[in-house]
Amino acid sequence: MFNILAATAVLIVHFGFIVFVLFGGLLALRRRWLAVIHLPAAAWGILVEASGAGCPLTSLENTLRTRAGMARYEGDFLQRWLLWLIYPEGLTRNVQFALAGIVILFNVLIYLWVFKRRKR
12 MFNILAATAV LIVHFGFIVF VLFGGLLALR RRWLAVIHLP AAAWGILVEA
62 SGAGCPLTSL ENTLRTRAGM ARYEGDFLQR WLLWLIYPEG LTRNVQFALA
112 GIVILFNVLI YLWVFKRRKR
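Sequential numbering from 12 applies to the sequence shown in this note's numbering.
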């Protein structure tokens, strides 16, 4: 039971991290100090996508699922939808490069806005 709960918790944290990587720069509009946390997180997300290296959270989740005797990427409704978002079908190297580019572009635009607002 512990491994099932732990795997689900890792999945939720993983999803939250992805959302933070994409949109965390928006939090810097209100709390500028969050940029210190967000920029390394965004860099990590870009590195993982661009290099094709596996995310340690994915490895941890799969290990916990295996220990729990669960089939990979199956589960209840919440898990199924989160997994679909995190591990889409057809995830190729070109798609990973495109995702890394989206993260870079989106965050550059956000931080340009943050710094422009800061100058005012």
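Don't be surprised by glycine CBs; every beta carbon is placed ideally from N, CA and C.
Beta-carbon separation (whole angstroms), residue 72 vs residue 22, contact threshold 8 Å: With 8 Å as the limit, residue 72 and residue 22 qualify as a contact, their Cβ atoms being about 6 Å apart.
Reduced DSSP secondary structure (H/G/I, E/B, other) of residue 69: Residue state, collapsed to three classes: helix.
Alpha helix (DSSP H) runs wholly inside the stretch 43-67, at least 4 long, in chain order: DSSP runs (the alpha helix (DSSP H)) wholly in the stretch 43-67: 46-62.
Own chain residues within Cβ distance below 8 Å of residue 125, not counting five before or after: Contacts found: 36, 39, 40, 43, 46.
Three-state secondary structure assigned by DSSP to residue 39: If DSSP states are grouped into helix, strand and coil, residue 39 belongs with coil.
CA-to-CA distance, residue 58 to residue 64, given in whole angstroms: Spanning the two alpha carbons is a distance of roughly 8 Å.
Nearest-angstrom beta carbon gap, residue 24 and residue 56 [assumed within contact, 8 Å]: With a Cβ gap of about 14 Å, residue 56 and residue 24 do not count as contacting.
7 Å Cβ shell around residue 115 - same chain, five flanking residues per side excluded: Here the set comprises 57.
Inter-residue Cα distance where the pair is residue 107 and residue 14: When rounded, the separation of the alpha-carbon atoms in residue 107 and residue 14 is 29 Å.
Cβ-Cβ distance between residue 61 and residue 118 below 7 Å: Not in contact: residue 61 and residue 118 (Cβ atoms no closer than 7 Å).
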